[in-house]
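Below: one structure, written as structure tokens.
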Amino acid sequence: MAKQEKTLQQAIADRRATPSFDGKAIPAEDLHKILDAGLHAPSGYNMQPWRFVVVQSPEQKKKLRGASYNQAKVEEASAVIVACGDADSWRKDLDAMLQLGREGGMPESYADQARSSVPNYLSSFSADQMKAWLNKQVMLAFTHMMLMAEVIGYDTAPMEGFEQEKVREVLRLPLSYSVVALLAVGHLQGADKFDGGRFEMGHTVFGEEFGKPLLLK
Ligand SMILES: Cc1cc2nc3c(=O)[nH]c(=O)nc-3n(C[C@H](O)[C@H](O)[C@H](O)COP(=O)(O)O)c2cc1C
Numbered sequence: 340m341a342k343q344e345k346t347l348q349q350a351i352a353d354r355r356a357t358p359s360f361d362g363k364a365i366p367a368e369d370l371h372k373i374l375d376a377g378l379h380a381p382s383g384y385n386m387q388p389w390r391f392v393v394v395q396s397p398e399q400k401k402k403l404r405g406a407s408y409n410q411a412k413v414e415e416a417s418a419v420i421v422a423c424g425d426a427d428s429w430r431k432d433l434d435a436m437l438q439l440g441r442e443g444g445m446p447e448s449y450a451d452q453a454r455s456s457v458p459n460y461l462s463s464f465s466a467d468q469m470k471a472w473l474n475k476q477v478m479l480a481f482t483h484m485m486l487m488a489e490v491i492g493y494d495t496a497p498m499e500g501f502e503q504e505k506v507r508e509v510l511r512l513p514l515s516y517s518v519v520a521l522l523a524v525g526h527l528q529g530a531d532k533f534d535g536g537r538f539e540m541g542h543t544v545f546g547e548e549f550g551k552p553l554l555l556k
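Each number in my numbering comes from the position in the sequence shown (counting from 1) with 339 added on.
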């Protein structure tokens, strides 16, 4: 029997940064669904500069834990999705991206413009700007994955507690890759984390300009 999926609203309400996982393997079809949701995220110019390394083997999870300040959930999770950005992806993928677009109806005039504007824009970036750009894109795909995992009944834990160089070494990442965040996916073991709460809307949302309250009638 097909599992009952949560609505997005329910998944958002239920999601907690899971403290501990039971370690059971995740079925391939579920993993595929989670990853596929991420790959449907939007990205600047549709360049899709994200790359994901999915770690499931006990040996790799153990090594990854060692590169992640010994956080036990890295080893306990069914799978850890290591979200990376590739600073060179636009050089390699521009033509393929334009071809994909053409198949979906991209006008030739748009393709012509993108062929020059994408390299103009991205080649002007400093290393820090590229890192910021990649982080933006990668975290969107990451969030799609996290929420899809919740929708289909999994628990998740986003993590920034890792050592960049150590993770790069464990995963044998190319030089142009940077690690953005880790997403542990599995099933909660033991008690869930407390609900940390959120600031009320007036604290973080403004209407029309900074400092003015948003009036929702
Ligand atoms: C990008 C990001 C990185 C995080 N890194 C870690 C981490 O390394 N270790 C950890 O225990 N929690 C980590 N968290 C979880 C946060 O502490 C948690 O999301 C926050 O306290 C709010 O709790 P909630 O997600 O249960 O609502 C991270 C969350 C995000 C979004």
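For glycine and all other residues, C-beta sits at the position ideal for the given N, C-alpha and C.
Per-residue DSSP class, three states only, for residue i
i, result
"residue 481", "helix"
"residue 397", "helix"
"residue 524", "strand"
"residue 506", "helix"
"residue 529", "coil"
"residue 560", "Lying outside 340 to 556, the shown extent of the chain, residue 560 is not represented and no answer is given."
"residue 546", "coil"
"residue 420", "strand"
"residue 356", "strand"
"residue 376", "helix"
"residue 364", "coil"
"residue 350", "helix"
"residue 534", "coil"
"residue 427", "coil"
"residue 383", "helix"
"residue 489", "helix"
Close Cβ partners of residue i (< 7 Å) along its chain, the five nearest in sequence each way excluded
i, result
"residue 388", "382, 424, 425, 428, 429, 473, 476"
"residue 362", "415, 417, 525"
"residue 401", "414"
"residue 500", "407, 408, 410"
"residue 453", "384, 437"
"residue 456", "none"
"residue 510", "392, 421"
Sequence-distant residues of its chain with Cβ nearer than 8 Å to residue i (five each side left out)
i, result
"residue 357", "412, 494, 495, 496, 523, 525, 527, 531, 532"
"residue 529", "358, 359"
"residue 373", "420, 484, 487, 488, 491, 493, 524"
"residue 344", "490, 491, 492"
"residue 535", "none"
"residue 365", "395, 417, 418, 493, 524, 525"
"residue 449", "440"
"residue 538", "none"
"residue 516", "390, 423, 424, 425, 426, 507"
Those residues which DSSP pairs with residue i across a bridge
i, result
"residue 519", "In DSSP, residue 519 forms no bridge with anything."
"residue 411", "In the DSSP output, where bridge partners are listed per residue, residue 411 has none listed."
"residue 392", "421"
"residue 432", "According to DSSP, residue 432 bridges with nothing at all."
"residue 369", "Residue 369 pairs with nothing; no bridge assigned."
"residue 552", "Note: residue 552 sits in no beta bridge, so no partner."
"residue 406", "DSSP lists no partner for residue 406."
"residue 497", "522"
Contacts around residue i, its chain only, beta-carbon distance under 6 Å, and the 5 residues preceding and following it disregarded
i, result
"residue 469", "426"
"residue 355", "531, 532"
Minimum Cβ-Cβ distance from residue i to chain B less than 7 Å
i, result
"residue 533", "As a matter of chain content, chain B is missing from the structure shown, which is built from one protein chain."
>> At 4 residues or longer, what runs of the alpha helix (DSSP H) sit wholly inside the stretch 435-487?
In response: 447-462
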